[in-house]
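Numbering (our numbering), first residue to last: 459 to 802.
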Ligand code: MRU
């Protein structure tokens, strides 16, 4: 089935962060899709709490939020301690450390709070531009009438806007290449069901949700040609840390001849991590698994293991798309060619 091309500028209406009146407002993603509420962060610790609680989440978005948090810290005269707390808010997405390193380098050169605000705005603007570039690069790889499956939320909500994997899907829909969009619900936090479905709906794109456990069965039907996901960190050998369940999707995709695309800005690349084994995987509270929608679903006394990211080996990845270009079959040599020794 062929899809009609659509106007790309009408497919990007959501923004997760806004700096106004000397504070950072965060679209509270815990309350979506039923409520659109903004959380006002007046100091760096409020930003830190919003990141920890997943009010703002997604690798690039937490980096941008932390950069604005660093501005608030500079205004309060508490830059170093606050930045250390922001850095520790979540361990897996390297964008957080990358953004704070950038802010700290400016502060070390004597930048005052106003100059730091310019830097935070630049980080945000560069992320949006990177997403548009990646959207076009990734969409060009898709065949007409493709079916795609995505995981978690990698959209405007997870970035400065437009999104990484969802940016490719937006561009693919606009170009008339994508006929079907599927999204995994993404237990336990339901980023797919609550956020991706909502965000795409804001732009008139209808995604069909599947239970995460339905992914292999969906691939077996032949309805999807590509799995398209984001990344929280890409190691120097091309291994990718992303939302728990990504690895299982990559395994199933390889078995079914479905291609696997990772879309991430250069700020997610960590050439200091030699492989996925060097990436810390965040473990969150067992209650996120034992409950659903605020209601306990497991019997009292049940235990749960809740790693919220996993590592997909580079060998299972067909293409890595960054704003620098498309890397086919990423491996250590290709990563070195594309990214040199950055972050090392
Ligand atoms: O725990 P989250 O919701 O912050 O996890 C987000 C993801 O895993 C995304 O896939 C990743 O950050 C890429 S977002 C552009």
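Just so you know, even glycine gets a beta-carbon here, dropped at the ideal spot from N, CA and C. Since the structure is predicted, the reported quantities are computational estimates derived from the model, not experimental observations.
Runs of the beta strand (DSSP E) spanning 3 or more residues and lying entirely within the segment 653-717 occur at 666-668, 684-687, 691-693, 698-701, in chain order. Following the DSSP letters along the chain, one finds residue 785 inside the beta strand (DSSP E) bounded by residues 783-786. Annotated three-state conformation of residue 541 is helix, per DSSP. Proximity to residue 792 across 680, 687, 696, 728 peaks at 696, based on C-alpha coordinates. As computed with DSSP, residue 778 is found in a beta bridge with 720, 785. Residue 706 has its alpha-carbon roughly 16 Å from the corresponding atom of residue 606. Per DSSP, residue 567 is not a residue of any alpha helix (DSSP H), being assigned neither H nor E. Residue 545 is not a Cβ neighbour of residue 561, given a cutoff of 7 Å. Fewer than three Cβ pairs drawn from the segment 634-645 and the segment 731-743 lie within less than 8 Å of each other, which leaves the two stretches out of contact. Residue 576 counts as exposed, since fewer than 16 other beta carbons sit within 10 angstroms of its beta carbon.
Listed in chain order, the non-local C-beta contacts of residue 500 below 6 Å within the same chain comprise 481, local neighbours out to five positions each way being set aside. For the ligand MRU, a non-hydrogen atom lies closer than 6 Å to the CB of residue 690. Burial of residue 701 is indicated by the presence of at least 16 other C-beta atoms within 10 angstroms of its C-beta.
Residue environment for residue 729: buried (at least 16 other C-beta atoms within 10 angstroms of its C-beta). Here the C-alpha atom of residue 670 lies approximately 44 Å from the C-alpha atom of residue 565. Rounded to the nearest whole angstrom, the CA to CA distance from residue 563 to residue 668 is 44 Å.
Annotation for residue 600: 630, 635 place their beta carbon closer than 6 Å to its own, counting only its chain and skipping 5 residues before and after. Remark: the shortest separation between the CB of residue 516 and any heavy atom of the ligand MRU falls under 6 Å. The alpha carbon of residue 657 has as its nearest neighbour, out of 463, 464, 465, 469, the alpha carbon of 469.
Exclusion of the five residues before and after residue 623 leaves 608, 612, 686, 687, 688, 721 as the residues of its chain whose Cβ lies within less than 6 Å of its Cβ.
In the structure shown, the three-state DSSP call for residue 796 is helix. Burial is judged here by how many other beta carbons sit within 10 angstroms of a residue's own beta carbon; residue 548 has at least 16 and is buried.
Excluding its 5 nearest sequence neighbours in each direction, residue 742 has C-beta neighbours in its own chain below 7 Å: 764, 766, listed in chain order. Relative to the ligand MRU, residue 700 has its C-beta within less than 6 Å of a heavy atom. Collapsing the DSSP output to three states places residue 755 in coil. Short note on residue 779: C-beta not closer than 6 Å to any heavy atom of the ligand MRU. Taken through DSSP and simplified to helix, strand or coil, residue 478 comes out as strand. Residue side-chain check: residue 499 keeps its Cβ at 6 Å or more from all non-hydrogen atoms of the ligand MRU. Around the CB of residue 775, 16 or more other CB atoms lie within 10 Å, so the residue is classed as buried. In this structure, residue 495 keeps its C-beta atom at 7 Å or more from the C-beta atom of residue 527. For residue 727, the pairing in a beta bridge is given by DSSP as 692. The Cβ-Cβ distance between residue 626 and residue 596 falls below 7 Å. Between residue 691 and residue 726 the beta-carbon gap is near 6 Å, inside 8 Å, which marks them as a contact.
The beta carbon of residue 498 lies closer than 6 Å to those of 481, 483 in the same chain, with the five residues before and after it left out.
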